[in-house]
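Engineer: Handing you this structure, nothing more for now.
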Amino acid sequence: MYNVVVVGASGAVGQEILKVLEERNFPVGELRLCATSRSAGKQMVFRGKVYTVQETSVDSFEGMDIALFAGGAASKEFGPAAVERGCVVIDNSSNFRLDPKVPLVVPEVNPEDVKWHQGIIANPNCSTIIMVIPLKAIKDVAGIKRVVVSTYQAVSGAGKEAIDELTAQTRAVLDGQDYPPKVFPYQIAFNLIPHIDVFQEMDYTKEEWKMVKETRKILHDDQLAITATTVRVPVYRSHSESINIETVEKLTARKAKEVLASFPGIVVLDDPARKEYPMPLFCSQRDEVFVGRIREDNSVERGLNLWVVADQLRKGAATNAVQIAELLIKYRCLRGGNR
-10 MYNVVVVGAS
0 GAVGQEILKV
10 LEERNFPVGE
20 LRLCATSRSA
30 GKQMVFRGKV
40 YTVQETSVDS
50 FEGMDIALFA
60 GGAASKEFGP
70 AAVERGCVVI
80 DNSSNFRLDP
90 KVPLVVPEVN
100 PEDVKWHQGI
110 IANPNCSTII
120 MVIPLKAIKD
130 VAGIKRVVVS
140 TYQAVSGAGK
150 EAIDELTAQT
160 RAVLDGQDYP
170 PKVFPYQIAF
180 NLIPHIDVFQ
190 EMDYTKEEWK
200 MVKETRKILH
210 DDQLAITATT
220 VRVPVYRSHS
230 ESINIETVEK
240 LTARKAKEVL
250 ASFPGIVVLD
260 DPARKEYPMP
270 LFCSQRDEVF
280 VGRIREDNSV
290 ERGLNLWVVA
300 DQLRKGAATN
310 AVQIAELLIK
320 YRCLRGGNR
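Each step along the sequence shown adds one to the number in my numbering, with nothing skipped, and position 44 is 33.
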């Protein structure tokens, strides 16, 4: 059994982490639930037992084996203290993802990278996780020359306040009333916003650069040509992505379907005659990455188009983090020894 502390337990990702730990029967010994002072005192249930959320402090990590950080600034503040106290930190924020000393891991793609951790392992951006799994499947058999991706990201990726804003704003618009945006820069109800996170170099957003830089790190390919456009859409849950891949070797659509269907963590849902393709409506609350609309690109000799959907709170965050924790046990690389 392993002692686990979840930091940010009361938030959307933290709650999903607890669900996944329970569903996957993770061998939890002592469990501590931590969050900000605002959430301290809240009660949560895990495996039928009631736990009280504590305010995160350096003492929260004493005697713990694994610290699962749900995101935000907490890992930057408390991550080093957790490592000093013998924890392995699995961090869902962007604080350490591009640090060359920190593994950035998707278990289906680069599981061996957990072995060289120095106390911290980073969970990639949700959109990156969703994309990099089918990319790895294709790369292994045909190589990849270039990737063009456009995302259609659910509001829950921006937190509970964003979900509430979509709900209230939709009602207001339908009732002919105004509802000024607070979370998003523009109205999200009945709208698309091609802007996620802050703008950076070349007028790409931080979210777009995450997908570029994190994908290269995970696939161990610093030269991979990749460009991204990230869009917020009025959907509650599950991100969708349109991915165009130019391969090194020719790969037919039929072969691509076979390759993708045999890759761990992927479900191919692709039957145009029956109108079967992935959609957030049917892919939420699932851990798999769903791939459909698999077509050869008619504009280049070696190209593929994919439509990919996955639950960004599950596989895009919580499930991936718990899978990393499982790898730590499998490879016997927890810091407290090979238990």
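Every residue gets a Cβ at the ideal spot worked out from N, C-alpha and C, and that includes glycine.
These numbers come from a predicted model, not from an experiment.
From what residue to what residue does the beta strand (DSSP E) around G292 run?
Structural biologist: G292 to A299
Engineer: Any contact between the stretch 289 to 301 and the stretch 231 to 248? By contact I mean 3 or more CB pairs, one from each, below 8 Å.
Structural biologist: Yes, since at least three Cβ pairs between the stretch 289 to 301 and the stretch 231 to 248 fall closer than 8 Å, the two stretches touch.
Engineer: Do three or more CB pairs link the stretch 274 to 287 to the stretch 249 to 256 at distances below 8 Å?
Structural biologist: Yes: the two stretches touch, three or more of their Cβ pairs being nearer than 8 Å.
Engineer: Would you mind giving the Cβ-Cβ distance between L93 and I207, rounded to the nearest angstrom? I have them listed as a contact below 8 Å.
Structural biologist: Going by Cβ atoms, the distance from L93 to I207 rounds to 6 Å, so yes, they are a contact pair.
Engineer: Could you check the C-alpha separation between R282 and M191 for me, to the nearest Å?
Structural biologist: 31 Å
Engineer: Could you tell me the distance, in whole angstroms, from the CA atom of Q4 to the CA atom of S288?
Structural biologist: 44 Å
Engineer: Tell me, to the nearest whole angstrom, how far the beta carbon of V77 is from that of I55; I am working on the premise that it is less than 8 Å.
Structural biologist: Correct: roughly 6 Å between the Cβ atoms.
Engineer: CB-CB under 7 Å to S26, same chain, minus the five flanking residues each way: which ones, in chain order?
Structural biologist: E44
Engineer: With distances taken Cα to Cα, identify the nearest neighbour of K319 among V(-4), V47, P16 and L213.
Structural biologist: If we check each option's Cα against that of K319, P16 comes out closest.
Engineer: Can you round the beta-carbon distance between P49 and A24 to whole angstroms, since I take them to be within the 8 Å contact cut?
Structural biologist: Contrary to the premise, residue 49 reads as Ser rather than Pro in this sequence. With 8 Å as the limit, S49 and A24 do not qualify as a contact, their Cβ atoms being about 10 Å apart.
Engineer: Would you mind listing the alpha helix (DSSP H) stretches within the stretch 179 to 265 that are 4+ residues and don't spill past its ends, in chain order?
Structural biologist: 195 to 207 and 242 to 250
Engineer: Just the C-alpha distance for A310 and T241, rounded to the nearest angstrom, thanks.
Structural biologist: 34 Å
Engineer: Looking at the structure shown, is L87 part of a helix, part of a strand, or coil, going by DSSP?
Structural biologist: The three-state reading of DSSP puts L87 in coil, since its state is none of H, G, I, E or B.
Engineer: Please state if the CB of S227 and the CB of A1 are separated by a distance shorter than 8 Å.
Structural biologist: no
Engineer: Among G60, V(-5) and R21, which residue has its Cα nearest to the Cα of G148?
Structural biologist: G60
Engineer: Please return the same chain residues whose Cβ sits closer than 7 Å to the Cβ of F35, not counting the five positions on each side in sequence.
Structural biologist: L7, E11 and L20
Engineer: When burial is assigned at 16 or more other CB atoms within 10 Å of the CB, is D167 buried or exposed?
Structural biologist: exposed
Engineer: Got a sec? Which residues, its chain only, sit under 7 Å from K246 by beta carbon, not counting five neighbours each side?
Structural biologist: The residues V257, D259 and I283, in chain order, have a CB closer than 7 Å to that of K246 in the same chain once the five nearest residues on each side in sequence are set aside.
Engineer: List the endpoints of the continuous beta strand (DSSP E) containing L57.
Structural biologist: I55 to F58
Engineer: Straight-line CA distance for L270 to N84?
Structural biologist: Each residue's Cα considered, the two are about 31 Å apart.
Engineer: Just the C-alpha distance for L249 and P123, rounded to the nearest angstrom, thanks.
Structural biologist: 7 Å
Engineer: What's the call for N327, buried or exposed, on a 16-neighbour Cβ count within 10 Å?
Structural biologist: A caution first: N327 carries a pLDDT of 43, below 50, which makes its placement in the model unreliable, though a value can still be read off. Exposed, because fewer than 16 other Cβ atoms sit within 10 Å of the Cβ of N327.
Engineer: Helix, strand or coil: how does DSSP classify I283 here?
Structural biologist: strand
Engineer: Select from A157, G52, V130 and M(-10) the residue whose C-alpha is nearest the C-alpha of E348.
Structural biologist: One cannot answer for residue 348 here, as it falls past the ends of the chain, which runs -10 to 328.
Engineer: In whole angstroms, what separates the C-alpha of P96 from that of E196?
Structural biologist: 22 Å
Engineer: H106: buried (16+ other C-beta within 10 angstroms of its C-beta) or exposed?
Structural biologist: buried
Engineer: Three-state secondary structure (DSSP) at V9?
Structural biologist: Note: V9 maps to helix in three-state DSSP.
Engineer: Based on the DSSP output, what are the partners of M33 in its beta bridges?
Structural biologist: Y40
Engineer: For Y141, which residues does DSSP report across the bridge?
Structural biologist: Y141 is bridged to V220 and S229.
Engineer: Between V(-7) and L87, which are expected to be in contact by the criterion C-beta below 8 Å, what is the C-beta distance as a whole number of angstroms?
Structural biologist: About 26 Å separates the two Cβ atoms, so there is no contact after all.
Engineer: Would you identify the three-state DSSP class for R328, choosing helix, strand or coil?
Structural biologist: The predicted model places R328 with a pLDDT of 48, which falls under 50 and marks its position as unreliable; any figure quoted below should be read in that light. Coil at R328, not helix or strand.
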